[in-house]
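Numbering (my numbering), first residue to last: 7 to 81.
By construction, the Cβ of each residue, glycine as well, lies at the ideal position given by its N, Cα and C atoms.
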């Protein structure tokens, strides 16, 4: 009985150690582009009718492939 109990404890500790090792590793790097906008929103103040306004957003690509932007829309 003692041997079975010791063997069971050894197997359980081994499994816990293996799980901790797997979870401690860094997640795999994502493939593809990864668009990041540090300041994704801009609120315009009061604008007189007929005036043209614009704002440039900085878009960063933190991915490992080319980022292509096909569609831009406003809310």
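Candidates the options: which alpha carbon is nearest residue i's?
i, options, result
"residue 68", "52, 42, 50, 77", "42"
"residue 31", "64, 23, 59", "23"
"residue 40", "76, 70, 8, 78", "70"
Per DSSP, which one or two residues make a beta bridge with residue i?
i, result
"residue 41", "67"
Looking at the secondary structure, which residues open and close the alpha helix (DSSP H) in which residue i lies?
i, result
"residue 78", "It is not in any alpha helix (DSSP H) - residue 78 carries neither H nor E in the DSSP assignment."
"residue 31", "Counting along the chain, residue 31 falls outside any alpha helix (DSSP H), and DSSP gives it neither H nor E."
Does chain B have any CB closer than 8 Å to the CB of residue i?
i, result
"residue 66", "Of the protein chains in this structure there is only one, and it is not chain B."
Are at least three pairs of beta-carbons, each pair with one atom in the stretch 59-68 and one in the stretch 43-50, less than 8 Å apart?
Counting Cβ pairs under 8 Å, three or more are found: they touch.
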